[in-house]
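Each residue of the sequence shown is one higher than the one before, counting from 128 in this note's numbering.
Structure, as structure tokens:
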Amino acid sequence: LGLEHGPAFRLAWMDDDKDDDSVELDITGNERKLVNALRKLLEERHGYNNIPRSELLRYVIGCKHRLDVAEQRFLRLKKLEREYNLNNVALHQVRDELKRSCYILAGRDKEGRAIIGFRISQFDKAHVDVSVMMKSVLILADALTSDLETLRNGVVLLLDMKDLTTKNFSFELEKVFITAFQ
């Protein structure tokens, strides 16, 4: 499940017997044009080929149709992948990480946005592997945005700050995750 090879989860509208580009989507003509433009831009400027349309669509919609922002966020994630060796994190490490009591799947808010919660009191920065945690959270967010409704509505991050101490707070970790979630 390397991030280098596209999203870990296929969007909910995907059929197993069809490739990513052959599925008709409920997207606007402008979104379709922007996805194609982002693909071309990433191929020509940066040498990224064969990026699944579903991944490009996430950037186009997630960046509110701003192509320059989508390009920068794509490149920022690729940089984080290299810096933190995310492609070396094994699936069993992700599974074990997501079983920890610090993660809360809280459902949806009134506007239909998916909610991911974190119990800060359950973190111990001395025992956190930033690479494993980052890849786990990215895969969780990837799974939650695997349908167009959630992708359009967005994801809410809920932080339970009760019992926040210097033992469970890390500025480095916060900075990395803010960058990754943008």
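Think of the CB as a built atom: it goes at the ideal place given N, C-alpha and C, for glycine as much as any other residue.
Quick caveat, the model's predicted, so the values are computed rather than measured.
When the Cα of residue i is compared with those of the options, which residue comes out closest?
| i | options | result |
| --- | --- | --- |
| F245 | R279, V283 and D153 | V283 |
| E210 | M261, L278 and M288 | M261 |
| R227 | N212, H254 and L202 | H254 |
| S258 | L285, L267, Y230 and V216 | V216 |
| E224 | I266, L184 and D153 | I266 |
| K252 | I243, T155, E301 and E276 | E301 |
Give me whichever residues DSSP pairs with residue i in a beta bridge.
| i | result |
| --- | --- |
| D287 | R246 |
| V395 | Residue 395 lies beyond the range of the chain shown here (128 to 309); nothing can be said about it. |
Starting from the C-beta of residue i, find all residues in its chain whose C-beta is less than 7 angstroms away, skip the five residues before and the five after it, and write them out in chain order.
| i | result |
| --- | --- |
| L161 | V187, H192 and L194 |
| R166 | I178 and L183 |
Taking 6 angstroms as the limit between beta carbons, can you name the residues of its chain near residue i, skipping five residues before and five after?
| i | result |
| --- | --- |
| L138 | Interpretation of L138 is limited by its pLDDT of 47, a score under 50 that renders its predicted location unreliable; the figure taken from the coordinates is listed afterwards. Excluding positions up to five away in sequence, the list reads S181 and S273. |
Taking the CB atoms as reference points, tell me whether residue i and residue j lie closer together than 9 angstroms.
| i | j | result |
| --- | --- | --- |
| S263 | V196 | no |
| N105 | F250 | Outside the shown range of the chain, which is 128 to 309, sits residue 105, and nothing can be said about it. |
| G234 | E276 | no |
| A241 | L271 | yes |
Any heavy atom of the ligand ATP closer than 8 angstroms to the beta-carbon of residue i?
| i | result |
| --- | --- |
| Y175 | Judged by which ligands are present, the structure shown has none, so any question about the ligand ATP falls away. |
Near residue i, what residues of its chain come up, given a Cβ to Cβ distance below 8 angstroms and the 5 sequence neighbours on each side ignored?
| i | result |
| --- | --- |
| E158 | L184, V187, I188 and H192 |
| L168 | L194 and E198 |
Which ranges does the beta strand (DSSP E) cover as unbroken runs of at least 3 residues, wholly within the stretch 211-271, from first to last along the chain?
-> Qualifying beta strand (DSSP E) stretches, in chain order: 230-235 and 241-246.
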